[in-house]
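Taking it in order: structure first as structure tokens, then the write-up.
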Ligand code: CA
């Protein structure tokens with residue numbers, strides 16, 4: 001009998017890191033509804049925290065507390081539009097929150113079907129077998145220049161523009177997420193994370209930590225600890241989701 005994905009399990013962890021005064025990352029998850037999300041907020045004062053918290057709350061509310069009337073990726077796009085609107089209108093009403101925004105990366109699963117959705121430079125990865133693959137494409141100035149062949153990864157790492165993201169939730173009246181669709185296989189391990197993780201750790205180190213024989217909780221702790229040992233310059237968030245047979 002062919003092995004199939006029977007259910008999913010998940011774990012998540014967020015950490016302020018070692019340098020930032022507060023944590024502007026946020027995450028949400030519902031194994032029951034197959035919804036997992038990471039947001040990384042930006043903006044002065046506490047605005048980044050407001051934006052990421054609002055985005056997670058809106059998306060979770062939309063996708064876990066309402067009856068679904070459309071296919072999941074369409075519901076997800078609507079949820080993101082609602083989150084965008086909520087952040088944008090709040091920033092318009094409150095001077096202190098002006099210009100706030102957030103990245104978003106989400107994994108949505110429905111039986112064997114899965115979607116990753118992203119805006120900004122938070123990332124989604126899949127470990128299948130022993131190979132780690134980045135599913136999402138960063139909406140950042142340097143990553144777009146790398147993809148266009150105009151910059152090398154080494155130049156990007158040194159660039160003063162490496163923090164510039166080209167899409168965010170809440171900074172404009174409309175936003176378009178990218179959506180990646182695929183089928184899951186038993187044993188697949190998905191990682192959603194903020195840039196505070198992958199700026200500190202290269203993909204080969206992340207891959208080796210995900211290949212350890214450990215619980216998802218232990219893996220989350222090891223990822224966060226490794227990012228802190230590497231400097232912990234930014235807030236660090238990871239959500240791990242495994243397709244179980
Ligand atoms: Ca960050």
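In this note's numbering, the protein residues as written are 1 to 245. Note that CB positions come from ideal geometry on N, CA and C, so glycine has one too. In this text the structure is predicted, and so the values were computed from the model without any measurement.
Go to residue 126, then tell me how far its alpha helix (DSSP H) extends in each direction, as first and last residue.
DSSP places residue 126 in no alpha helix (DSSP H) but in the uninterrupted beta strand (DSSP E) bounded by 123-128.
Proximity winner among 124, 54, 125 and 167, relative to residue 144 (alpha-carbon distances):
With distances taken between Cα atoms, residue 144 lies closest to 167.
Would you mind sorting residue 69 into buried or exposed? The rule is 16 or more other CB atoms within 10 Å of its CB.
Only exposed fits residue 69, as fewer than 16 other CB atoms lie within 10 angstroms of its CB.
The alpha helix (DSSP H) enclosing residue 72, as first and last residue numbers:
DSSP places residue 72 inside the alpha helix (DSSP H), whose first and last residues are 72-93.
Between residue 143 and ligand 1, is the CB less than 8 Å from at least one heavy atom?
No.
Would you list, in sequence order, the uninterrupted alpha helix (DSSP H) runs of no fewer than 4 residues that lie entirely inside the stretch 19-71?
47-64, all fully within the stretch 19-71.
Do three or more CB pairs link the stretch 137-155 to the stretch 84-101 at distances below 8 Å?
Output reads no: the stretch 84-101 does not touch the stretch 137-155.
Own chain residues within Cβ distance below 7 Å of residue 1, not counting five before or after:
Its pLDDT being 46, under 50, residue 1 is placed unreliably in this model, and the value from its coordinates should be taken loosely. So no residue of the chain qualifies.
Just to confirm, is the Cβ distance from residue 124 to residue 40 under 9 Å?
No, the pair does not count as a contact, with Cβ atoms beyond the cut-off.
How should residue 45 be labelled, buried or exposed, when 16 other C-beta atoms within 10 angstroms of its C-beta is the threshold for buried?
By the neighbour-count rule (16 or more Cβ atoms within 10 Å), residue 45 is not buried but exposed.
If residue 151 and residue 100 are in contact, beta carbons under 8 Å, what's the gap, nearest whole angstrom?
Between residue 151 and residue 100 the beta-carbon gap is near 28 Å, outside 8 Å, which marks them as no contact.
Residue span of the beta strand (DSSP E) that contains residue 206, given as start and end:
Unbroken run through residue 206 is the alpha helix (DSSP H), 203-210; no beta strand (DSSP E).
Secondary structure at residue 109, three-state DSSP: helix, strand or coil?
Correct three-state label for residue 109: strand.
Measuring only the C-alpha atoms, how far is residue 300 from residue 184?
Residue 300 cannot be examined here, being either before or after the span of the chain that is shown, 1 to 245.
Look at the alpha carbon of residue 237 and the alpha carbon of residue 3, and state the distance between them as a whole number of angstroms.
Going from the Cα of residue 237 to the Cα of residue 3 covers about 31 Å.
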